[in-house]
Amino acid sequence: MTHRLGYFTIDTPDLDKAKAFYSALLGWTFEEANSSPTYAHVTATGAPGEVPFGLRKGEHKDFANLYVQVDDIQAMCAKVHALGGRASMPARSDTGLSVHVCDDQGVSISLWQPAPGLVD
Numbered sequence: 078m079t080h081r082l083g084y085f086t087i088d089t090p091d092l093d094k095a096k097a098f099y100s101a102l103l104g105w106t107f108e109e110a111n112s113s114p115t116y117a118h119v120t121a122t123g124a125p126g127e128v129p130f131g132l133r134k135g136e137h138k139d140f141a142n143l144y145v146q147v148d149d150i151q152a153m154c155a156k157v158h159a160l161g162g163r164a165s166m167p168a169r170s171d172t173g174l175s176v177h178v179c180d181d182q183g184v185s186i187s188l189w190q191p192a193p194g195l196v197d
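Here the working numbering runs 77 ahead of the position in the sequence shown, where the first position is 1.
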């Protein structure tokens, strides 16, 4: 049996602050019906193969490095800084550009701009 990513969460100490940050940065919206005081479910886009995920209130620090696909990594780094977060210098590889960013609470994710022609 092949296993694939089925779900993930991004842990954060302040759920409301994280919702505001990621909504402003990536345009994420949240499903109130599937959320709770300790969890915010990100609204699905309906894209084929989409993996469900959400934000979870917690202090967990050792989690998988997650990559969110973006169109313009430089613009997103500038937006991270404008929102009070931090972004390292983007790294280039055969698959495109990637960068490690932290939100305004120090919670980290990575952003990935695929190389031209790599993905649809």
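By construction, the Cβ of each residue, glycine as well, lies at the ideal position given by its N, Cα and C atoms.
This structure is a prediction, so every number in the text was calculated from the model and none was measured.
| request: In angstroms with no decimal places, state the Cα-to-Cα distance between Ala95 and Gly194. | output: 32 Å
| When Val119, Ala97, Ser170, Ala124 are compared against Ala192, the one with the closest alpha-carbon | Ser170
| said: What does the alpha-carbon distance come out to for the pair Val147 and Val176? | reply: 11 Å
| said: Is it buried or exposed, Ala101, if we count other Cβ atoms within 10 angstroms and call 16 or more buried? | reply: exposed
| message | Nearest by alpha-carbon distance to Ile30: which of Pro90, Leu103, Thr89 is it? | response | In the structure displayed, the chain extends from 78 to 197; residue 30 sits before or after that span and is not available.
| said: I'd like the span of the beta strand (DSSP E) that includes Gln190, first residue to last. | reply: 185-191
| Roughly how many angstroms separate the alpha carbons of Gly161 and Ala152, rounded to a whole number? | 15 Å
| Which residues bound the beta strand (DSSP E) around Asp88? | 85-89
| DSSP beta-bridge partners of Phe130 | Phe85
| message | Alpha carbons only, please: which of Glu136, Asp181, Pro167 is nearest the one belonging to Tyr144? | response | Pro167
| field | Paired residues, beta bridge with Ala95 - DSSP | value | For Ala95, which the question treats as bridged, DSSP gives no partner whatsoever.
| task | Give the DSSP-derived three-state secondary structure of Ser100 in the structure shown. | result | helix
| message | Looking only at its chain, what residues have a beta carbon closer than 8 Å to the beta carbon of Glu127, apart from the 5 residues adjacent to it on each side? | response | Ala121
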